[in-house]
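First the structure, in the form of structure tokens, and then the observations on it.
2 protein chains.
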Amino acid sequence: MQRPARLAATLTLPLVLACAASPDAHADDPPQRFTERTEYHGIQVERLAAGLEHPWSVAFLPRGRFLVTERPGRLQRIDRDGSATRIGGLPDITARGQGGLLDVSLHPRFEENQLVYLSFSRAEGRRDTVLAVVRGRLVEDRLEDVEEIFVQNRASSPGRHYGSRIAWLPDGTLLLSIGDRGSEPMRAQDTRDHAGSLLRLNDDGTIPEDNPFVGNEDVLDAIYSTGHRNIQGLVVTPDGTVWATEHGPRGGDLLHRVQAGHNYGWPVVTQGLDYRTEREIREFEGRSAAGVTPHAHDFGPTLAPSGLAFVTSERFPRWEGNLLAGGLRAERIRRLTLIDNEVRHDEELLLQRIGRIRDVREGPDGHLYVLTDASDGALWRISPQ
Amino acid sequence: MQRPARLAATLTLPLVLACAASPDAHADDPPQRFTERTEYHGIQVERLAAGLEHPWSVAFLPRGRFLVTERPGRLQRIDRDGSATRIGGLPDITARGQGGLLDVSLHPRFEENQLVYLSFSRAEGRRDTVLAVVRGRLVEDRLEDVEEIFVQNRASSPGRHYGSRIAWLPDGTLLLSIGDRGSEPMRAQDTRDHAGSLLRLNDDGTIPEDNPFVGNEDVLDAIYSTGHRNIQGLVVTPDGTVWATEHGPRGGDLLHRVQAGHNYGWPVVTQGLDYRTEREIREFEGRSAAGVTPHAHDFGPTLAPSGLAFVTSERFPRWEGNLLAGGLRAERIRRLTLIDNEVRHDEELLLQRIGRIRDVREGPDGHLYVLTDASDGALWRISPQ
Chain A
31 MQRPARLAAT
41 LTLPLVLACA
51 ASPDAHADDP
61 PQRFTERTEY
71 HGIQVERLAA
81 GLEHPWSVAF
91 LPRGRFLVTE
101 RPGRLQRIDR
111 DGSATRIGGL
121 PDITARGQGG
131 LLDVSLHPRF
141 EENQLVYLSF
151 SRAEGRRDTV
161 LAVVRGRLVE
171 DRLEDVEEIF
181 VQNRASSPGR
191 HYGSRIAWLP
201 DGTLLLSIGD
211 RGSEPMRAQD
221 TRDHAGSLLR
231 LNDDGTIPED
241 NPFVGNEDVL
251 DAIYSTGHRN
261 IQGLVVTPDG
271 TVWATEHGPR
281 GGDLLHRVQA
291 GHNYGWPVVT
301 QGLDYRTERE
311 IREFEGRSAA
321 GVTPHAHDFG
331 PTLAPSGLAF
341 VTSERFPRWE
351 GNLLAGGLRA
361 ERIRRLTLID
371 NEVRHDEELL
381 LQRIGRIRDV
391 REGPDGHLYV
401 LTDASDGALW
411 RISPQ
Chain B
31 MQRPARLAAT
41 LTLPLVLACA
51 ASPDAHADDP
61 PQRFTERTEY
71 HGIQVERLAA
81 GLEHPWSVAF
91 LPRGRFLVTE
101 RPGRLQRIDR
111 DGSATRIGGL
121 PDITARGQGG
131 LLDVSLHPRF
141 EENQLVYLSF
151 SRAEGRRDTV
161 LAVVRGRLVE
171 DRLEDVEEIF
181 VQNRASSPGR
191 HYGSRIAWLP
201 DGTLLLSIGD
211 RGSEPMRAQD
221 TRDHAGSLLR
231 LNDDGTIPED
241 NPFVGNEDVL
251 DAIYSTGHRN
261 IQGLVVTPDG
271 TVWATEHGPR
281 GGDLLHRVQA
291 GHNYGWPVVT
301 QGLDYRTERE
311 IREFEGRSAA
321 GVTPHAHDFG
331 PTLAPSGLAF
341 VTSERFPRWE
351 GNLLAGGLRA
361 ERIRRLTLID
371 NEVRHDEELL
381 LQRIGRIRDV
391 REGPDGHLYV
401 LTDASDGALW
411 RISPQ
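Protein sequences, first through last, are from chains A and B. According to the working numbering, the residues represented by the first sequence are 31 to 415, in order. According to the working numbering, the residues represented by the second sequence are 31 to 415, in order.
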């Protein structure tokens with residue numbers, strides 16, 4: 031069985047600052063603070079920091095500070111006054127297409143070990159890239175002892191569908207989503223290829239012995255679930271339930287309740303259509319199939335899912351146990367009410383108020399935090415009014 | 031078997047001009063002409079007439095003129111220059127809550143017989159209202175020979191859930207939707223009550239002998255399908271397929287492909303939740319049941335459906351065969367791609383651009399026409415760019 035290589039990450043600068051190709055938000059200069067009525071809560075929305083270049087992920091440091099990744103390859107610490115301090119010691123990052131510096135996640139025992147995890151794309155040869163994960167200790171404004179704990183086992187040239195959200199299970203292992211990379215032939219049903227899967231790793235990158243396919247020669251040991259196109263929202267609830275939002279083809283954006291060892295079907299089972307022809311994609315066999323776990327929710331018209339949060343906060347008592355799913359193209363958050371792990375209601379929040387939503391998180395203080403994807407992106411806080 | 035009463039409609043004026051309670055559009059003064067990029071067509075959107083008070087329905091007169099109902103009780107002819115001329119000869123209309131003058135539809139052979147059909151609510155006793163339909167001949171600026179061809183068989187006091195779209199089947203009979211009236215106990219499963227049904231009538235209000243329940247003593251002869259909460263979008267395609275959009279409880283707005291004799295389940299089968307508690311409604315038994323025809327599409331987050339159009343126009347070749355479903359609260363049109371009568375894709379158009387959408391129609395000229403619901407509502411035309 032393969033083990034992810036561990037490389038001493040090179041710490042050389044400058045970082046790659048490739049021009050990002052995605053369209054910017056078209057919300058024209060939203061106010062820095064506004065209120066919105068929703069079905070149950072009046073909310074106040076406040077911009078905490080601006081001038082972030084395509085921020086991708088936010089993590090919560092002690093004492094009300096934040097770590098925010100910028101996709102071109104920078105990690106910023108945001109202090110309570112909104113000022114940003116660049117963190118040094120990052121690995122070489124190749125920002126191309128949808129790639130760059132992506133997720134940031136703190137070890138569950140960060141206060142003891144100061145470990146920060148980063149997912150990112152990096153060049154492999156002249157044309158290809160791979161998705162990789164490093165961890166390092168945050169010492170003042172620098173990552174120290176950076177080690178690559180995961181690298182994708184097959185490089186490819188399209189700079190897209192990296193996935194790459196990180197979330198922690200209650201047992202201290204981590205889940206890492208990895209997109210299908212958008213290369214031909216499609217790879218999400220190839221269980222000897224990391225692409226198009228959700229992976230489960232120990233905190234040092236080794237593979238848990240109780241992973242669902244350990245002992246199955248046909249499937250990589252790291253794989254937790256298969257048949258994913260591009261999971262970009264991932265959250266684990268306090269009871270260990272795993273929810274993921276994933277980009278489908280046109281109109282096929284989905285929510286999954288991910289269970290160990292399950293196959294979610296992509297590309298042979300999908301709810302979406304070919305982007306160009308608006309007909310079935312070539313590999314389509316049906317909207318369901320034996321051996322394929324059905325999706326939990328179909329987001330209908332384009333959402334383009336991004337960060338996913340699960341509300342536990344007592345600050346929002348009527349939202350407790352709801353999912354909040356960010357949308358890039360949709361420029362909104364979908365609030366999903368779950369009853370017995372089934373989505374039973376859906377509300378739109380912040381509709382075109384602040385632009386493309388890249389990340390949604392519940393903070394340790396019970397407020398909700400949102401990143402907007404733009405060349406001048408921002409960090410926002412949502413509080414009850 | 032009952033026959034709808036035929037009353038000589040009273041022609042007295044003034045009409046009831048009750049203040050409408052619904053919130054106005056919050057699109058602040060949209061431009062009178064703008065363009066929008068969509069997935070396949072660039073569209074131009076142009077306001078043809080403004081100053082319409084809660085317009086509800088538009089019909090197409092010869093030579094590029096329109097008939098538009100205003101819910102407080104006026105019927106307007108809109109000429110090519112956007113000017114409005116009020117049509118006389120209307121019946122007594124009681125505009126209360128969601129009621130008033132609602133749908134307008136021309137007889138399929140209007141050019142021969144000048145027959146105009148209107149659905150509306152009118153008082154019955156001191157507190158109750160019923161839904162009724164009249165037809166009359168349009169002679170210059172006046173309806174002549176007005177006769178009531180249908181009246182609901184049970185009055186009730188809540189001024190809501192009237193339904194009341196009219197659409198014509200290829201055989202020259204008409205379909206009329208009638209909401210459940212929102213009274214307790216719920217009536218949509220009571221097949222001796224018009225409320226909560228789709229009805230099929232001859233053009234003079236008599237009942238076609240081949241209606242699905244004729245001969246069944248337990249079901250009114252006029253009933254075509256049952257178990258509806260409030261159908262407010264209704265269209266028949268050239269091949270006779272019937273599509274209807276209907277208001278559910280919270281999050282339960284649905285599209286149905288309506289088939290003769292079928293039961294669509296409300297209120298025992300529903301996809302939505304109680305508006306107040308965000309839990310199942312009291313009558314809920316399940317999301318599906320034997321004997322209940324499943325919905326064709328769940329609109330997910332609030333749409334608040336209104337007019338429904340089916341695109342046949344060669345002006346929009348990539349939209350041919352699509353449904354366009356208007357949304358009031360959602361302030362958008364949902365474009366639905368059908369493959370083998372199944373919804374396979376969904377796009378949002380005019381998102382919060384012109385306000386609450388009350389009606390969507392394809393005109394005989396192949397352009398698309400939209401009414402916005404506001405105290406200062408408008409008629410808009412959508413053309414390819």
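Where a beta carbon is used, it is the ideal one built from N, C-alpha and C, also for glycine.
>> Quick test of your reading: L398/B and E392/B, contact by CB under 8 angstroms. State the CB separation rounded to the nearest angstrom.
In response: Confirmed, about 6 angstroms.
>> Classify R211/B: buried if its beta carbon has 16 or more other beta carbons within 10 angstroms, exposed otherwise.
In response: Result: buried.
> For P53/A and chain B, any beta-carbon pair shorter than 8 angstroms?
Replying inline: Interpretation of P53/A is limited by its pLDDT of 36, a score under 50 that renders its predicted location unreliable; the figure taken from the coordinates is listed afterwards. Contact with chain B is absent for P53/A, since none of that chain's Cβ atoms lies less than 8 angstroms from the residue's Cβ.
>> Given this structure, state the Cα-to-Cα distance separating S255/B from G282/B, to the nearest angstrom.
In response: Cα-Cα distance, rounded: 19 angstroms.
>> Which runs of the beta strand (DSSP E) at least 3 residues long sit entirely within the segment 227-294 of chain B? Give them in chain order.
In response: With a minimum length of 3 residues, the continuous beta strand (DSSP E) runs that stay inside the segment 227-294 of chain B are 227-231, 253-256, 261-266, 272-276 and 284-288.
>> Considering only their Cβ atoms, is the gap separating L228/A from L204/A smaller than 8 angstroms?
In response: No, Cβ-Cβ distance for L204/A and L228/A is not below 8 angstroms.
>> Closer than 8 angstroms between beta carbons: that is the criterion. Which residues of the segment 367-380 of chain A meet it against chain E?
In response: Among the chains of the structure shown, chain E does not appear; the protein chains present are A and B.
> Based on the DSSP output, what are the partners of V169/B in its beta bridges?
Replying inline: In DSSP, V169/B forms a bridge with R172/B.
>> Counting only Cβ pairs nearer than 9 angstroms, list the residues of chain B close to P297/A.
In response: Result: empty, since nearest Cβ-Cβ is about 16 angstroms, beyond 9 angstroms.
> Would you say the segment 256-264 of chain A touches the segment 295-311 of chain A, given that touching needs at least three Cβ pairs under 8 angstroms?
Replying inline: Look at the beta carbons and you see the segment 256-264 of chain A touching the segment 295-311 of chain A: at least three pairs across the two are nearer than 8 angstroms.
> Does any C-beta atom of chain A lie closer than 8 angstroms to the C-beta of L382/B?
Replying inline: It should be noted that the sequence gives Gln, not Leu, for residue 382/B. For Q382/B, at least one C-beta of chain A is nearer than 8 angstroms to its own C-beta.
> Run through DSSP, which three-state label would F96/B get?
Replying inline: Three-state result, F96/B: strand.
>> Using CA atoms only, rank isn't needed, just tell me which of P347/B, R317/B, H137/B and L78/B is closest to L284/B.
In response: When each option's Cα is compared against that of L284/B, the closest is R317/B.
> Does the ligand ATP have a heavy atom nearer than 7 angstroms to the CB of G81/A?
Replying inline: This structure lacks the ligand ATP, and indeed carries no ligand of any kind.
>> Taking its Cβ as the centre, do 16 or more other Cβ atoms sit within 10 Å of P53/A, making it buried, or is it exposed?
In response: The predicted model places P53/A with a pLDDT of 36, which falls under 50 and marks its position as unreliable; any figure quoted below should be read in that light. Answer is exposed; the Cβ neighbour count stays below 16.
> Rounded to a whole number of angstroms, what is the C-alpha to C-alpha distance between P121/A and M216/A?
Replying inline: Straight-line Cα distance between these residues: approximately 29 angstroms.
> From the DSSP output, which residues share a beta bridge with P85/A?
Replying inline: Within the DSSP bridge table, the entry for P85/A names E100/A as partners.
> On the premise that R101/A lies in contact with A79/A, defined as a C-beta separation below 8 angstroms, what is that separation, rounded to the nearest angstrom?
Replying inline: Going by Cβ atoms, the distance from A79/A to R101/A rounds to 16 angstroms, so no, they are not a contact pair.
> When burial is assigned at 16 or more other CB atoms within 10 Å of the CB, is R388/B buried or exposed?
Replying inline: Buried is the call here.
> Should P331/A be flagged as near chain B, meaning a C-beta pair shorter than 8 angstroms?
Replying inline: Output row for P331/A: interface = yes.
> So F64/B is in the alpha helix (DSSP H); what residue range does that whole segment cover?
Replying inline: Per DSSP, F64/B lies in no alpha helix (DSSP H); the unbroken beta strand (DSSP E) holding it starts and ends at R63 to R67.
>> For the segment 236-243 of chain B against the segment 160-171 of chain B, do three or more pairs of beta-carbon atoms, one drawn from each stretch, fall closer than 8 angstroms, so that the two count as touching?
In response: Counting C-beta pairs closer than 8 angstroms gives fewer than three between the segment 236-243 of chain B and the segment 160-171 of chain B, which falls short of the contact rule.
> Are the segment 153-160 of chain A and the segment 136-143 of chain A touching, with three or more C-beta to C-beta distances below 8 angstroms?
Replying inline: Segments in contact, no.
>> Run through the DSSP bridge pairs and tell me what A162/A is partnered with.
In response: Per DSSP, F150/A and V181/A.
>> According to DSSP, is E141/A part of a helix, a strand, or is it coil?
In response: In the structure shown, the three-state DSSP call for E141/A is helix.
> Cα separation between H191/A and S336/A?
Replying inline: When the Cα atoms are used, H191/A and S336/A turn out to be separated by approximately 12 angstroms.
> For chain A, is any of its Cβ atoms less than 8 angstroms away from the one on G263/B?
Replying inline: So, not an interface residue.
> When DSSP labels each residue in this structure, what does W349/B get in the three-state scheme?
Replying inline: In the three-state reduction of the DSSP assignment, W349/B falls in the helix class.
> So what's R110/A in DSSP terms, helix, strand or just coil?
Replying inline: Three-state DSSP puts R110/A in coil, outside helix and strand.
> Since Q415/B contacts Q74/B with CB under 8 angstroms, what's their CB separation in whole angstroms?
Replying inline: Yes, Q415/B and Q74/B are in contact; Cβ-Cβ is about 5 angstroms, under 8 angstroms.
> Can G129/A and S151/A be called in contact, C-beta distance under 8 angstroms?
Replying inline: Taking 8 angstroms as the Cβ cut-off, G129/A and S151/A qualify as a contacting pair.
> Is the segment 268-280 of chain B touching the segment 337-351 of chain B in the sense that three or more CB pairs, one from each, lie closer than 8 angstroms?
Replying inline: With three or more CB-CB distances shorter than 8 angstroms, the segment 337-351 of chain B counts as touching the segment 268-280 of chain B.
>> Let me see if you follow: with CB-CB separation under 8 angstroms, is V244/A close to chain B or not?
In response: It does not; no Cβ of chain B falls within 8 angstroms.
> Can you name the residues of chain A whose CB is closer than 7 angstroms to the CB of G281/B?
Replying inline: The contacting residues are H375 and D376.
>> Taking the beta strand (DSSP E) that R365/A belongs to, which residues open and close that run?
In response: R362 to I369 is the span of the beta strand (DSSP E), which, as asked, contains R365/A.
> Is DSSP giving D220/B helix, strand or coil here?
Replying inline: When DSSP states are grouped into helix, strand and coil, D220/B belongs to the coil group.
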